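Novice: Protein chains in written order, with full-length UniProt numbering: chain D, 1 to 236; chain X, 1 to 236; chain U, 1 to 236; chain P, 1 to 236.
Protein chains: 4
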Amino acid sequence: MLEELKEKVFKANLDLVKQNLVIFTWGNVSGIDREKGLVVIKPSGVDYDVMKASDMVVVDLESGKVVEGDLNPSSDTPTHLVLYKAFPNIQGVVHTHSTYATAFAQAGRDIPNIGTTHADYFYKDIPCTRDMTEAEVKGNYELETGNVIVDEILNIRKINPDHTPAVLVKNHGPFSWGTSPDNAVYNAKVMEQCAKMAFVAFSVNPNLTMNPLLVEKHYMRKHGPNAYYGQKGQKH
Amino acid sequence: MLEELKEKVFKANLDLVKQNLVIFTWGNVSGIDREKGLVVIKPSGVDYDVMKASDMVVVDLESGKVVEGDLNPSSDTPTHLVLYKAFPNIQGVVHTHSTYATAFAQAGRDIPNIGTTHADYFYKDIPCTRDMTEAEVKGNYELETGNVIVDEILNIRKINPDHTPAVLVKNHGPFSWGTSPDNAVYNAKVMEQCAKMAFVAFSVNPNLTMNPLLVEKHYMRKHGPNAYYGQKGQKH
Amino acid sequence: MLEELKEKVFKANLDLVKQNLVIFTWGNVSGIDREKGLVVIKPSGVDYDVMKASDMVVVDLESGKVVEGDLNPSSDTPTHLVLYKAFPNIQGVVHTHSTYATAFAQAGRDIPNIGTTHADYFYKDIPCTRDMTEAEVKGNYELETGNVIVDEILNIRKINPDHTPAVLVKNHGPFSWGTSPDNAVYNAKVMEQCAKMAFVAFSVNPNLTMNPLLVEKHYMRKHGPNAYYGQKGQKH
Amino acid sequence: MLEELKEKVFKANLDLVKQNLVIFTWGNVSGIDREKGLVVIKPSGVDYDVMKASDMVVVDLESGKVVEGDLNPSSDTPTHLVLYKAFPNIQGVVHTHSTYATAFAQAGRDIPNIGTTHADYFYKDIPCTRDMTEAEVKGNYELETGNVIVDEILNIRKINPDHTPAVLVKNHGPFSWGTSPDNAVYNAKVMEQCAKMAFVAFSVNPNLTMNPLLVEKHYMRKHGPNAYYGQKGQKH
């Protein structure tokens, strides 16, 4: 069942290790088959070096129930499902505890758009969510984490999730998404690199300024209707 | 004698190198057989790349005397023994000079619980001990180092060592422990990663705040009576 | 056509990866045949691990038109061409988003000449350009990026580009050049290392001072008429 | 001639690369045969990956003249010779531009003894030299660099060079020495690690304090007349 998607999700999970975004089992990637309404996700707490494609767990998008798989799905599965429901164009979701992005989440600060590296992939600042309430933490915590993300992106910041495909959960860590499981991992790596550079940049100049003209230019050069970066037919 | 435990302790010592927690010979791992009252520990000052499982030294828990082994045990052995006596549930102890945890020890600052990465493994801040006195330093130094750790954990902070399995010795470096030699190394790695992220987080926002609800939630999600992270029967 | 130069440019692009100066496709190297008035450059958005020497694109220095190659040249090609025209002695140009140099560009700060590591290769501070104007960003952006660099180097700072072979484009990242594609990559690596050390040095002492006598001495020891570093006939 | 020493010096130079203390050709190691009054040193500006043991250059300690070797000796040779003459017990000298130690040199700050990692190998703060004068820089620069080091260690700070085997040359970088070429490389690595940890520690707590009792205890535990670290007969 969904062998091709399982293979993609499995490989995207291994890429988290290759890209130095996770240690131990601290990350998870999922992918979705929107026609069938099924999500494929990494099992919970399984070491990356013994994990197989067939260990991936298939979960129903609506009910959250396991449809196939012997292992428990990632404990973050309810968060992934909320994101898939709220952001209808996304095809993959990633969660990590990558060093610099997580540090910004712990600091409660957005990763600001202060350079073209950021603007090439994220149109706006990557927002950090508000504190979760007692009801949210003591209730269905992982599902409420998803709700807090969606509230921050769509209502509080009014951000288009397709143009700024990442978020920081305060005192927790980053989530990213994309047009495929692979693309969500790519965005997780860009976010981590942008967080690292922002840390250094603010240390070197706490009063730095961004030229707002570059935000528009760089994002549109790659993603706008007249994009001219890369080769014809290539997606970014 | 204790071949299986020697093998475990030997491999855990090599893992310190793999996890980038030590350079040269700057670290040591021990394990305990509580029934026999014997501790197995790395020899002092031996290079990791020539060390063999049979080089591990067996020491008597009560007397501290070498029971088996041709080499001197780690000079930190008396510290390990104090920890095994004071914390009756622990099965492994680790000492390193890992970069970021040692820097916090040099700074005389606790590694604060400011995110779920920390709260997943350490219930409280990882405490930094007080300055050692002249009597302690000039007396049985390594044994007194253990006493200062135990005093800090049990008396000054009133911390449960099973729930916060690590400490910083001021101007020295980190010690960690756990349910096995392997688990103590795991906790040493988590502590180092948390120290690195705390360094970055405070640089980015010196006035950051932790949501206290997450401390409870994340620790209990993994370690509480109703833990639901990972696979059934799996320990964390 | 220009097979030898293509090979050099191809290898110099791979060296960006080896030197940890780029992730993904975030960098480009070009080289020039000044007699023929032709520039060889990396194609746009092609992964380093599938790229071949024959993928390099040949572009006319004056018109900017593709003379040979099936792929689109790097979107930064117009910037490279402006630099080749304005700096008549340079034979290679490099652009990266390397971590520390890019952070200084985001901070809007020059990489200051505060040590002999810098002075061995760059006579002056590596300047950061002014903000680009609306006309420049909305016009022929990549060409105007080149013009802003040249304006900063030659007019605003009055720097000899052969003696200080690098620049930071504000809120964007570093460009470097040199006596060959290889030498331009070498200068990109030195710039990155100098940026990293400057970040640490200013964190450790915000009021640090440079001994100006060392600037003169070290640059001239390697590059002056009486240079005595290295072996006879060796270039630096 | 001196084949064994050449082999040792050659391997110690390669260790600089393995220990991540140098990039390109930015470092050099020498060793001495005190009976013969001859110093063996790395040639100037030769890549580490093509260098052979037979490329090492033999220089006369007193005259500084090349006694054997087809290549120019390191341009820093006169500095090495001054150190061998002033510090009669040392058998190896190392110079690098390692990242964190060089940043402290650029900052004009000593690497302070703030932890047992430092105290295990360096009894005092690693001192940073004063600014060199015009006469020193424009005169026999590399020899005067050595004189400035010796003046700082012996006269200004009154440090025993055998107990604190390293120095920072202001706005330049670190030198270290030891009981062999290998031991000098070891000390270079410890210095770099201590500089990195001091950078982090001061960022985390600018007002940190060192317990002076630990300085005495840790240095003497390894190097004093009653040293008890390591195995019998082992040197540290």
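Yeah, the Cβ is synthetic: ideal placement off N, Cα and C, and Gly gets one too.
All figures in this text were calculated on a predicted structure; none of them were measured in a lab.
Could you check the C-alpha separation between Leu143(X) and Val9(X) for me, to the nearest Å?
Specialist: The residue you call residue 143(X) lines up with position 143 of the second sequence. The residue you call residue 9(X) lines up with position 9 of the second sequence. Their backbone Cα atoms lie some 21 Å apart in a straight line.
Novice: Can you list, in chain order, the stretches of the alpha helix (DSSP H) that have 4 or more residues and sit fully within the stretch 145-172 of chain X?
Specialist: With a minimum length of 4 residues, no continuous alpha helix (DSSP H) run stays inside the stretch 145-172 of chain X.
Novice: Can you name the residues of chain U whose CB is closer than 9 Å to the CB of Leu14(D)?
Specialist: Position 14 of the first sequence, counted from the start, is the residue given in the question as residue 14(D). Simply none; closest approach about 16 Å.
Novice: Examine chain D for any beta-carbon lying closer than 7 Å to the beta-carbon of Val94(U), and answer yes or no.
Specialist: Along the third sequence, one-based indexing puts residue 94(U) at 94. Cβ-Cβ to chain D under 7 Å: no for Val94(U).
Novice: Where do the N-terminal and C-terminal ends of the alpha helix (DSSP H) with Asp55(X) fall, by residue?
Specialist: Looking up residue 55(X) in the second sequence gives position 55. Where Asp55(X) is concerned, there is no enclosing alpha helix (DSSP H), given that its DSSP letter is neither H nor E.
Novice: When you compare the CB of Met197(X) with every CB in chain D, is at least one pair closer than 7 Å?
Specialist: Along the second sequence, read from residue 1 onward, the residue named residue 197(X) stands at position 197. Yes - at least one Cβ of chain D is within 7 Å of the one on Met197(X).
Novice: For the stretch 98-118 of chain U, which residues have a beta carbon sitting closer than 8 Å to at least one beta carbon of chain D?
Specialist: Answer set for the stretch 98-118 of chain U: Thr99, Tyr100, Thr102, Ala103, Phe104, Ala105, Gln106, Ala107, Gly108 and Arg109.
Novice: Excluding the 5 residues flanking Val17(X) on each side, which residues of the same chain have their C-beta closer than 6 Å to its C-beta?
Specialist: Translated into positions along the second sequence, residue 17(X) becomes position 17. The answer, listed in chain order, is Tyr48.
Novice: In whole angstroms, what is the alpha-carbon distance linking Asn226(X) and Met220(X)?
Specialist: Here the question's residue 226(X) lines up with position 226 in the second sequence. Here the question's residue 220(X) lines up with position 220 in the second sequence. Straight-line Cα distance between these residues: approximately 7 Å.
Novice: Taking 7 Å as the threshold (beta carbon to beta carbon), is Val80(X) in contact with chain P?
Specialist: Here residue 80(X) refers to the residue found at position 80 when the second sequence is read from its first residue. One point to set straight first is that residue 80(X) is His, not Val, in the sequence displayed. By this cut-off, His80(X) is not an interface position.
Novice: Go ahead and label Pro112(X) buried or exposed: buried means 16 or more other beta carbons lie within 10 angstroms of its beta carbon, across all protein chains shown.
Specialist: For the purposes of this step, residue 112(X) is identified with residue 112 of the second sequence, where counting begins at 1. Buried, since its Cβ has 16 or more Cβ neighbours within 10 Å.
Novice: Here's the rule I'm using: 16 or more other beta-carbon atoms within 10 Å means buried, otherwise exposed. How should Ile149(P) be labelled?
Specialist: Counting from one through the fourth sequence, the residue named residue 149(P) turns up at place 149. Burial call: buried.
Novice: When the cut-off is 7 Å and only beta carbons count, does Ala184(P) lie next to chain X?
Specialist: In the fourth sequence, the residue the question calls residue 184(P) occupies position 184. Chain X, which has no Cβ nearer than 7 Å to the Cβ of Ala184(P), makes this no.
Novice: Using a Cβ-Cβ cut-off of 6 Å (strictly less than) and excluding sequence neighbours within five positions of Tyr123(U), which residues of its own chain qualify?
Specialist: Position 123 of the third sequence holds residue 123(U). Contacts found: His163, Thr164 and Tyr219.
Novice: Whose C-alpha, out of Leu214(U), Asp33(U), Leu21(U) and Val39(U), is nearest the C-alpha of Glu136(P)?
Specialist: In the fourth sequence, the residue the question calls residue 136(P) occupies position 136. The candidate whose alpha carbon is nearest that of Glu136(P) is Leu214(U).
Novice: Assign Asn211(D) to one of three DSSP states: helix, strand, or coil.
Specialist: Translated into the one-based positions of the first sequence, residue 211(D) becomes position 211. Looking at Asn211(D) - three-state DSSP - the assignment turns out to be coil, as it is neither helix nor strand.
Novice: Can you name, in chain order, every residue of its own chain whose Cβ lies under 6 Å from the Cβ of Ser74(P), other than the five neighbours on each side?
Specialist: Here residue 74(P) corresponds to residue number 74 of the fourth sequence, with the count starting at 1. Cβ within range, chain order: Asn28, Ile41, Lys42 and Ser44.
Novice: Leaving out five residues on either side along the sequence, give the residues of the same chain with a beta carbon under 8 Å from the beta carbon of Asp110(P).
Specialist: Taking the first residue of the fourth sequence as 1, we reach residue 110(P) at position 110. Counting only Cβ-Cβ distances below 8 Å, and skipping sequence neighbours, we find Phe104, Asp125, Ile126, Pro127, Cys128 and Leu168.
Novice: Tell me Val39(U)'s beta-bridge partners as DSSP assigns them.
Specialist: By 1-based counting over the third sequence, the position of residue 39(U) is 39. According to DSSP, Val39(U) bridges with Ile32(U) and Val59(U).
Novice: Chain P beta carbons: is any one of them nearer than 7 Å to that of Val29(U)?
Specialist: Here residue 29(U) corresponds to residue number 29 of the third sequence, with the count starting at 1. Not one chain P Cβ lies under 7 Å of Val29(U).
Novice: I'd like to know if the stretch 70-89 of chain X and the stretch 178-188 of chain P are in contact, where contact means that at least 3 CB-CB pairs between them fall below 8 Å.
Specialist: Counting Cβ pairs under 8 Å, fewer than three are found: no touch.
Novice: Cβ of Tyr229(D) less than 7 Å from any chain X Cβ?
Specialist: Within the first sequence, the letter at position 229 stands for residue 229(D). Closer than 7 Å: no.
Novice: Could one say the Cβ of Glu134(P) lies closer than 7 Å to chain U's Cβ atoms, at least one of them?
Specialist: Mapped onto the fourth sequence, residue 134(P) falls at position 134. It does: the Cβ of Glu134(P) has a partner Cβ on chain U nearer than 7 Å.
Novice: Tell me which residue opens and which closes the alpha helix (DSSP H) that His118(U) is part of.
Specialist: Position 118 of the third sequence, counted from the first residue, corresponds to residue 118(U). Thr116 to Ala119 is the extent of the alpha helix (DSSP H) around His118(U).
Novice: Could you list which residues in chain X have their beta carbon closer than 9 Å to that of residue 256(P), in chain order?
Specialist: For chain P, the structure presents residues 1 to 236; residue 256(P) sits outside this window and is missing.
Novice: With DSSP as the reference, please indicate the residues paired to Cys128(U) in a beta bridge.
Specialist: Translated into positions along the third sequence, residue 128(U) becomes position 128. In DSSP, Cys128(U) forms a bridge with Leu168(U).
Novice: Which word fits Gln106(D), buried or exposed, when buried means at least 16 other C-beta atoms lie within 10 angstroms of its C-beta?
Specialist: Counted from its first residue, the first sequence places residue 106(D) at position 106. Counting Cβ neighbours within 10 Å, Gln106(D) comes out buried, since at least 16 surround it.
Novice: Restricting to Cα atoms, I'd like to know which of Asp120(X), Glu192(X), Ala86(X) and Met197(X) is closest to Asn147(X).
Specialist: Your numbering for residue 147(X) matches position 147 in the second sequence. When each option's Cα is compared against that of Asn147(X), the closest is Ala86(X).
Novice: As a quick exercise: from Thr102(D), Glu35(D) and Val58(D), pick the residue whose alpha carbon is nearest that of Phe202(X).
Specialist: To locate residue 202(X), count along the second sequence from 1; it is residue 202. Of the listed residues, the one whose Cα sits closest to Phe202(X) is Thr102(D).
Novice: Cβ of Asn20(X) less than 7 Å from any chain P Cβ?
Specialist: Against the second sequence, residue 20(X) aligns to sequence position 20. For Asn20(X), the answer is no, since every Cβ of chain P falls outside 7 Å of its Cβ.
Novice: Using a beta-carbon distance below 7 Å, is Asn140(P) in contact with chain U?
Specialist: Residue 140(P) sits at position 140 when you count from the first residue of the fourth sequence. By this cut-off, Asn140(P) is not an interface position.
Novice: By how many angstroms is the C-alpha of Pro212(U) removed from the C-alpha of Val39(P)?
Specialist: In the fourth sequence, residue 39(P) corresponds to position 39, counting from 1. In the third sequence, residue 212(U) corresponds to position 212, counting from 1. So the two alpha carbons sit approximately 32 Å from each other.
Novice: Where DSSP assigns a beta bridge to Glu92(D), which residues make up the other side?
Specialist: Taking the first sequence and counting its residues from 1, one reaches residue 92(D) at position 92. Per the sequence shown, residue 92(D) should be read as Gly rather than Glu. The partner list for Gly92(D) (beta bridge, DSSP) reads Gly31(D) and Gly178(D).
Novice: In angstroms, rounded to a whole number, what distance separates the CA positions of Glu62(P) and Asn89(P)?
Specialist: The residue you call residue 62(P) lines up with position 62 of the fourth sequence. The residue you call residue 89(P) lines up with position 89 of the fourth sequence. Rounded to whole angstroms, Glu62(P) to Asn89(P) spans 16 Å at the Cα level.
Novice: Could you name the residues of the stretch 166-180 of chain D whose beta carbon sits closer than 9 Å to any beta carbon of chain X, in the order they occur along the chain?
Specialist: The stretch 166-180 of chain D vs chain X, Cβ under 9 Å: Val169, Lys170, Asn171, His172 and Gly173.
Novice: Between the Cα of Val200(D) and those of Tyr100(U), Gly31(U) and Tyr121(U), spot the shortest distance and give me the residue it belongs to.
Specialist: In the first sequence, the residue the question calls residue 200(D) occupies position 200. Comparing Cα-Cα distances from Val200(D) to each of Tyr100(U), Gly31(U) and Tyr121(U), the minimum goes to Tyr100(U).
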